[in-house]
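Student: I am attaching a structure below and will ask some questions about it afterwards.
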Amino acid sequence: RKEVEQDPGPFNVPEGATVAFNCTYSNSASQSFFWYRQDCRKEPKLLMSVYSSGNEDGRFTAQLNRASQYISLLIRDSKLSDSATYLCVVNHRGGGNKLTFGTGTQLKVEL
Amino acid sequence: EAGVAQSPRYKIIEKRQSVAFWCNPISGHATLYWYQQILGQGPKLLIQFQNNGVVDDSQLPKDRFSAERLKGVDSTLKIQPAKLEDSAVYLCASSPRGAGAGELFFGEGSRLTVL
Chain H
588 RKEVEQDPGP FNVPEGATVA FNCTYSNSAS QSFFWYRQDC RKEPKLLMSV YSSGNEDGRF
648 TAQLNRASQY ISLLIRDSKL SDSATYLCVV NHRGGGNKLT FGTGTQLKVE L
Chain A
29 EAGVAQSPRY KIIEKRQSVA FWCNPISGHA TLYWYQQILG QGPKLLIQFQ NNGVVDDSQL
89 PKDRFSAERL KGVDSTLKIQ PAKLEDSAVY LCASSPRGAG AGELFFGEGS RLTVL
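Pasting the structure below:
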């Protein structure tokens, strides 16, 4: 089983739609969680951290379910500019704070 | 503030040749990472440095890959000899603290094609 698993997509949605991505992780000792965004042929950039209580940043909401070992990202009112690959990232404290990236979920927002 | 600098941006070599990539992290960032990203996959950690010491190199193919960060600032990643499966983007990232404490800042990457 992969350490971090994501549905690769692509998710094709119309502008204005709400879309949700899930990510599962295998290491129950994982400490911190993030969503990164990667535009085509660009480097990954931090979108948001994921907190146990859930957190929101504008149109983006991230949630963590430790019992089921999954993380979610919800995007409301999708914009064309949201088209990108969304990478789920998990930190395992053992071994020097190693960040493990998922394969990414590709989102395409269409007119 | 200047970002993470990497060079070269693109490199095409034949299998069994060697190649080196250079990275200069954001000034003051103690932690430096090299990731390999194969097309369609997420970045995979190759090696992590804290200042000039290696924190994690468990996924570095040490028979052909080597990396150093001699003065705790810039870093070089070398592949010798290259194989076809090494074709990927090599991403350098830095962070002011450990990975779990905050975000990683990535460079634009060095895209390697092995023919």
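Protein chains in written order, with my numbering: chain H, 588 to 698; chain A, 29 to 143.
Each residue gets a CB set at the ideal place from its N, CA and C atoms; glycine is no exception.
On a predicted model such as this, the values are computed, not experimentally measured, just so you know.
#1: On the DSSP bridge assignment, give the partners of N678 (chain H) in chain order.
#2: Return the residues of the region 654-675 of chain H that lie within a Cβ-Cβ distance of less than 7 Å from chain A, sorted by chain order.
#3: On the three-pair Cβ rule with 8 Å, is the region 39-51 of chain A touching the region 621-635 of chain H?
#4: Measuring only the C-alpha atoms, how far is R92 (chain A) from G135 (chain A)?
#5: Using a threshold of 8 Å, state whether the C-beta atoms of F608 (chain H) and S659 (chain H) are closer than that.
#6: Please list, in chain order, the residues of the region 620-645 of chain H that have any C-beta partner in chain A closer than 9 Å.
#7: Kindly say whether L132 (chain A), judged by its beta-carbon, lies nearer than 8 Å to any beta-carbon of chain H.
#8: Confirm, please, whether the CB-CB distance from A95 (chain A) to L105 (chain A) is below 8 Å.
#9: Would you identify the three-state DSSP class for E113 (chain A), choosing helix, strand or coil?
#10: Look at the alpha carbon of E590 (chain H) and the alpha carbon of G603 (chain H), and state the distance between them as a whole number of angstroms.
#11: In terms of residues, what are the limits of the beta strand (DSSP E) holding I107 (chain A)?
#12: Does the CB of G689 (chain H) have a neighbour CB from chain A at under 8 Å?
#13: Candidates A:P36, A:I41, A:E42, A:E29: which alpha carbon is nearest C172 (chain A)'s?
#14: When you compare the CB of L651 (chain H) with every CB in chain A, is at least one pair closer than 8 Å?
#15: Between T59 (chain A) and R139 (chain A), how many whole angstroms is the CB-CB distance? I'm expecting something under 8 Å.
#16: Would V676 (chain H) and L686 (chain H) be called neighbours here (beta carbons separated by less than 8 Å)?
#17: Roughly how many angstroms separate the alpha carbons of I41 (chain A) and S640 (chain H), rounded to a whole number?
#18: Under three-state DSSP, which class holds L667 (chain H)?
#19: Give the single residue among A:V142, A:A121, A:L143 whose Cα lies nearest to the Cα of L633 (chain H).
#20: Can the beta-carbon of G31 (chain A) be found less than 8 Å from the beta-carbon of F133 (chain A)?
#21: Per DSSP, Y63 (chain A) forms a beta bridge with which residues?
#22: Please work out which residues of its chain come closer than 8 Å, Cβ to Cβ, to D85 (chain A), disregarding the five sequence neighbours upstream and downstream, and give them in chain order.
Tutor: To lay it out plainly:
#1: Residue 678 (chain H) sits at position 91 when you count from the first residue of the first sequence. H:S619, H:L686.
#2: Under the 7 Å Cβ criterion, the region 654-675 of chain H contributes L674.
#3: No: fewer than three Cβ pairs fall under 8 Å.
#4: Counted from its first residue, the second sequence places residue 92 (chain A) at position 64. Counted from its first residue, the second sequence places residue 135 (chain A) at position 107. Each residue's CA atom was taken as its position, placing R92 (chain A) and G135 (chain A) some 23 Å apart.
#5: Along the first sequence, one-based indexing puts residue 608 (chain H) at 21. Along the first sequence, one-based indexing puts residue 659 (chain H) at 72. Their beta carbons are under 8 Å apart, which means F608 (chain H) touches S659 (chain H) by this criterion.
#6: Per Cβ criterion, the list reads F621, Y623, Q625, R628, K629, E630, P631, K632, L633, S636.
#7: Residue 132 (chain A) sits at position 104 when you count from the first residue of the second sequence. Yes - at least one Cβ of chain H is within 8 Å of the one on L132 (chain A).
#8: Stepping through the second sequence from its first residue, residue 105 (chain A) is reached at position 77. Stepping through the second sequence from its first residue, residue 95 (chain A) is reached at position 67. The answer is yes: Cβ separation under 8 Å.
#9: Reading the second sequence from its first residue, position 85 is the one you call residue 113 (chain A). Reduced to three states, the DSSP call for E113 (chain A) is helix.
#10: Here residue 590 (chain H) is taken as the residue at index 3 of the first sequence, counted from 1. Here residue 603 (chain H) is taken as the residue at index 16 of the first sequence, counted from 1. Between E590 (chain H) and G603 (chain H), the alpha-carbon positions lie close to 33 Å from each other.
#11: Counting from one through the second sequence, the residue named residue 107 (chain A) turns up at place 79. Start and end: 103-107.
#12: To locate residue 689 (chain H), count along the first sequence from 1; it is residue 102. At a cut-off of 8 Å, the C-beta of G689 (chain H) has a neighbouring C-beta in chain A.
#13: Shown here, chain A extends from 29 to 143; a query on residue 172 (chain A) therefore has no answer.
#14: By 1-based counting over the first sequence, the position of residue 651 (chain H) is 64. It does not; no Cβ of chain A falls within 8 Å.
#15: Counting from one through the second sequence, the residue named residue 59 (chain A) turns up at place 31. Counting from one through the second sequence, the residue named residue 139 (chain A) turns up at place 111. In this structure T59 (chain A) is not in contact with R139 (chain A), their Cβ atoms being roughly 24 Å apart against a cut-off of 8 Å.
#16: To locate residue 676 (chain H), count along the first sequence from 1; it is residue 89. To locate residue 686 (chain H), count along the first sequence from 1; it is residue 99. Yes; because the gap between Cβ atoms is below 8 Å, this pair is in contact.
#17: For the purposes of this step, residue 41 (chain A) is identified with residue 13 of the second sequence, where counting begins at 1. For the purposes of this step, residue 640 (chain H) is identified with residue 53 of the first sequence, where counting begins at 1. A direct Cα-to-Cα measurement between I41 (chain A) and S640 (chain H) gives close to 49 Å.
#18: Indexing the first sequence from 1 puts residue 667 (chain H) at position 80. It is helical.
#19: Stepping through the first sequence from its first residue, residue 633 (chain H) is reached at position 46. Looking at the Cα atoms, A:A121 is the closest of the given residues.
#20: Locating residue 31 (chain A) in the second sequence gives position 3, counting from the first residue. Locating residue 133 (chain A) in the second sequence gives position 105, counting from the first residue. Closer than 8 Å, so yes.
#21: Indexing the second sequence from 1 puts residue 63 (chain A) at position 35. DSSP lists A:L73, A:L119 as the beta-bridge partner residues of Y63 (chain A).
#22: As a first step, residue 85 (chain A) is located in the second sequence; it is residue number 57 there, counting from the start. Same-chain partners within the cutoff: L74, I75, Q76, A95.
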